[in-house]
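Heads up: the structure comes next, in structure tokens.
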Amino acid sequence: MDVWKLSAYFSLQAETPQPKRSEKEVPEPGRKPDKGASGSEEDDISESLNKELGSLKAQVTTRPHQRKFQILESGAANFLFIQTTVPDPLLLVTKIMEDVYQTKKQKARFMQRLLPVEATCKANIEDVRAAFEPLLEKYFAKEGKTFSIIFEKRNSHALDRTKVIEDLAEMVALKNTANRADLKQPQLAILVEVVRNMCLLSVLPNYYMYKKYNLFELSQTEQDKKSDEDIVSTEAGVVYTEAGVVSTEADVVSSEADVVSTEAADNIAANGDKKETHLEKD
Numbered sequence: 001m002d003v004w005k006l007s008a009y010f011s012l013q014a015e016t017p018q019p020k021r022s023e024k025e026v027p028e029p030g031r032k033p034d035k036g037a038s039g040s041e042e043d044d045i046s047e048s049l050n051k052e053l054g055s056l057k058a059q060v061t062t063r064p065h066q067r068k069f070q071i072l073e074s075g076a077a078n079f080l081f082i083q084t085t086v087p088d089p090l091l092l093v094t095k096i097m098e099d100v101y102q103t104k105k106q107k108a109r110f111m112q113r114l115l116p117v118e119a120t121c122k123a124n125i126e127d128v129r130a131a132f133e134p135l136l137e138k139y140f141a142k143e144g145k146t147f148s149i150i151f152e153k154r155n156s157h158a159l160d161r162t163k164v165i166e167d168l169a170e171m172v173a174l175k176n177t178a179n180r181a182d183l184k185q186p187q188l189a190i191l192v193e194v195v196r197n198m199c200l201l202s203v204l205p206n207y208y209m210y211k212k213y214n215l216f217e218l219s220q221t222e223q224d225k226k227s228d229e230d231i232v233s234t235e236a237g238v239v240y241t242e243a244g245v246v247s248t249e250a251d252v253v254s255s256e257a258d259v260v261s262t263e264a265a266d267n268i269a270a271n272g273d274k275k276e277t278h279l280e281k282d
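In the UniProt record's numbering, the protein residues as written are 1 to 282.
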């Protein structure tokens with residue numbers, strides 16, 4: 001699965017220690033490096049990677065609560081929730097986004113968006129406010145930040161969008177008077193995702209620069225965007241032509257309506273004649 005492989009790959013990169021050379025290992029000027037030492041370093045890295053990969057494969061047979069990444073049912077279509085033991089899911093996801101942003105290489109074929117979750121609670125306003133408090137202290141207490149609040153809801157009638165946005169915005173403003181709203185390019189986006197009876201909270205940096213954490217859009221180059229624009233323009237021309245055809249068909253329908261009206265008038269006249277004939281007989 002795309003999300004499992006992608007998360008495991010970047011988690012492995014983050015956790016694998018980078019080798020450091022000591023002063024004794026730095027070669028003197030004019031002296032060739034010791035091949036044995038270099039080979040030993042490569043062996044250490046390879047061994048470390050193999051151990052980590054082995055542990056990830058072993059997780060398939062371990063208990064769910066012991067696995068690094070565990071899929072949980074969300075109850076919503078096309079929406080997966082991945083439980084993880086990674087200490088900082090936000091750091092993991094931003095590493096993935098930055099990599100796609102820099103390389104423009106698509107990392108997953110079947111996954112559109114990847115969003116970290118920093119807090120979860122029941123979908124009622126009191127619990128949302130309580131769950132947001134630690135995030136408020138973490139991101140908005142010390143320095144003034146520009147922010148926006150994004151509210152999304154799936155398979156749920158819980159929580160009122162306006163109420164949630166107003167409450168959280170008030171909390172941010174009261175925490176630090178230097179915080180201010182910016183709906184176009186905020187430094188931090190507060191994401192409130194309601195799924196059935198649960199609420200997921202995140203504070204996401206570079207939300208619009210990372211295309212709302214959309215992996216597909218983030219991987220597109222300027223050439224890809226130009227090609228998409230050309231396709232849209234061509235399709236718009238087709239729609240315009242079809243609109244002309246629809247207009248012509250409307251004229252035909254109008255003509256048919258006139259015919260129907262004429263036939264109705266004939267029927268009325270015929271009925272009138274019958275009535276007159278009946279009166280004459282009397």
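Cβ atoms here follow ideal geometry from the backbone N, Cα and C, with glycine treated the same way.
In this text, all values refer to a predicted model and were calculated from it rather than measured experimentally.
Alpha carbon of residue i to alpha carbon of residue j, nearest angstrom
i: N176; j: I165; result: 17 Å
i: E170; j: D99; result: 35 Å
i: L218; j: D88; result: 22 Å
i: S202; j: F140; result: 13 Å
i: R180; j: Y207; result: 16 Å
i: L72; j: F79; result: 10 Å
i: K184; j: R67; result: 39 Å
Candidates the options, of which the one nearest residue i by Cα
i: E193; options: N206, F81, Q70; result: F81
i: V195; options: S74, E98, F216; result: S74
i: L114; options: D160, K95, A131, I125; result: K95
i: F216; options: A76, T103, A77, R67; result: T103
i: E143; options: L204, A178, L91, P134; result: A178
i: L188; options: A76, Q106, K138; result: K138
For residue i, the three-state DSSP class (helix, strand or coil)
i: L72; result: strand
i: R161; result: helix
i: A173; result: helix
i: K104; result: coil
i: F81; result: strand
Opening and closing residue of the beta strand (DSSP E) in which residue i lies
i: L153; result: With the sequence shown as reference, residue 153 is identified as Lys, and Leu is not the correct amino acid for it. Note, K153: beta strand (DSSP E), 146-154.
i: residue 286; result: No answer is possible for residue 286: the residues shown for the chain start at 1 and end at 282.
i: P205; result: 198-205
i: T120; result: 119-122
Limits of the alpha helix (DSSP H) - the one that residue i falls within
i: A130; result: 125-140
i: F110; result: Neither: F110 is in no alpha helix (DSSP H) and is coded neither H nor E.
i: L218; result: 215-219
Neighbourhood of residue i by C-beta, 7 Å cutoff - its chain only, sequence neighbours within 5 removed
i: L200; result: V117, T120, E193
i: Y210; result: M97, Y101, L218
i: V172; result: L136, F140, F147, N179
i: K163; result: I125
Chain-order list of residues whose beta-carbon lies under 8 Å from that of residue i (same chain, five-residue window excluded)
i: D167; result: I125, V128, R129
i: T221; result: K104
i: A123; result: S156, A158, L159, V194, R196, N197, M198, C199
i: N214; result: Q112, R113
Proximal residues to residue i (C-beta, below 6 Å), its chain only, five neighbours per side dropped
i: R161; result: F151
i: P186; result: T146, F147, S148
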